[in-house]
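**Q**
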Amino acid sequence: MTAAPLGGSYTEHAAAKINLALHVTGQRGDGYHLLDSLVTFADIGDRLTFAPSAQDRFTLSGRFAGELPYHDDPETGNLVLKARNRLRAEAEKTGKACAPVHIHLEKNLPPASGIGGGSADAAATLRGLVRLWQPNLDAERLQTIALSLGADVPMCLAARPLIARGIGEIIRPAAGFPSLCLVLANPLHPIATPSVFAALDNRHNPPLAIGDSPEGMPEDWISLMRHSRNDLQLPASRVAPVIHGVLDALSSAGASLARMSGSGATCFGLFADIDSAKDAAERLSHARPDWFVAETATLADGDNDHA
31 MTAAPLGGSY TEHAAAKINL ALHVTGQRGD GYHLLDSLVT FADIGDRLTF
81 APSAQDRFTL SGRFAGELPY HDDPETGNLV LKARNRLRAE AEKTGKACAP
131 VHIHLEKNLP PASGIGGGSA DAAATLRGLV RLWQPNLDAE RLQTIALSLG
181 ADVPMCLAAR PLIARGIGEI IRPAAGFPSL CLVLANPLHP IATPSVFAAL
231 DNRHNPPLAI GDSPEGMPED WISLMRHSRN DLQLPASRVA PVIHGVLDAL
281 SSAGASLARM SGSGATCFGL FADIDSAKDA AERLSHARPD WFVAETATLA
331 DGDNDHA
């Protein structure tokens, strides 16, 4: 564990991304899958700190720090460093010099868990370094950089309730979306996303039952959630059968809706209020101390929890 930078620093919250519904609607010729996804963001996540430094530095702390790479290899490196390098390269094309930076990542979310940890870290890196470096890059260029880092990074850059379509690059705000009280549970069984898609039987499923300008009252959004699905839940359960047990545990703890997020293995349970969610999380943590379990109140439309 290494201490985070202190003086003259900026801090960004990399919120856990929760796929409340995920419909696989097709597949492009280049292999990328087309998705319709209802996404929100939790009040828990990783935390990144950015500070001027004599040379580039990257340090890690937190429960899951030991599971991450420290290097910036284009194929296997840490997305935080890839985001730093990509933003610096684009800024320098405009004549903007980007000074060395010390980035510290407090890794609180399990990796490869279906809640966008790496993508959220990359997005937070872009936000934090834009604040530190002040590059002459407009929002459209920043979105392009985000997409080049991964299909989930643009929505994590927005970090608000939204509908994502295409491969994740077509984003519409989910107007009127409420804050939700959830329990997140992960059996700490990392799942490789390609293995889940490989186990998917049908890649051409109906989209979300919502128009191009999604908006509604809170109860409308809850109804949409209940009548939607995650098309990756069944194939992920084939890859990691323990997911069935996680969903059963959340339902037994009192969740009115239990579903897997993203490509797994994190699952969420919906509760009526934060006290109920906290009580369920405590009981589940006691029963399964080997799991990652946390209660969370997600962001509502109009909230902003970047810092």
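Residue numbers for the sequence shown follow my numbering, so the first one is 31 and each next one is one higher.
Each residue gets a CB set at the ideal place from its N, CA and C atoms; glycine is no exception.
1. So, at 7 Å on beta carbons, what are the nonlocal neighbours of residue 51 in its own chain, with the 5 sequence-adjacent residues on each side left out?
2. Can you find the residues in the same chain that come closer than 7 Å, C-beta to C-beta, to residue 70, ignoring five residues on each side of it along the sequence?
3. Kindly list the residues whose CB is nearer than 6 Å to the CB of residue 277, restricted to its own chain and excluding five residues on each side of it in sequence; keep chain order.
4. Once you ignore the five residues that flank residue 153 on each side, which residues in its own chain have a CB closer than 6 Å to its CB?
5. Pull up the CB-CB distance for residue 199 and residue 172, whole angstroms please, since I reckon it's below 8 Å.
6. Determine, using beta-carbon pairs with one atom in the segment 218 to 233 and one in the segment 128 to 144, whether at least three such pairs fall under 8 Å.
7. In angstroms with no decimal places, state the Cα-to-Cα distance between residue 203 and residue 72.
8. Can you look up residue 123 in the DSSP assignment and give me helix, strand or coil?
9. To the nearest angstrom, how far is the alpha carbon of residue 81 from that of residue 301?
10. I'd like the list of long-range same chain contacts for residue 138, defined as Cβ closer than 8 Å, with 5 residues on each side in sequence excluded.
11. State the start and end residues of the unbroken beta strand (DSSP E) segment that holds residue 203.
12. In the structure shown, what three-state DSSP assignment does residue 133 receive?
**A** Well, looking at it:
1. 67, 68, 238, 255, 258, 259, 260
2. 48, 50, 191, 207, 210, 328, 329
3. 288, 297
4. 183, 186, 187
5. Actually they are not in contact, since the Cβ atoms of residue 199 and residue 172 sit about 13 Å apart, beyond 8 Å.
6. yes
7. 16 Å
8. helix
9. 39 Å
10. 74, 75, 76, 77, 92, 93, 94
11. 200 to 203
12. strand
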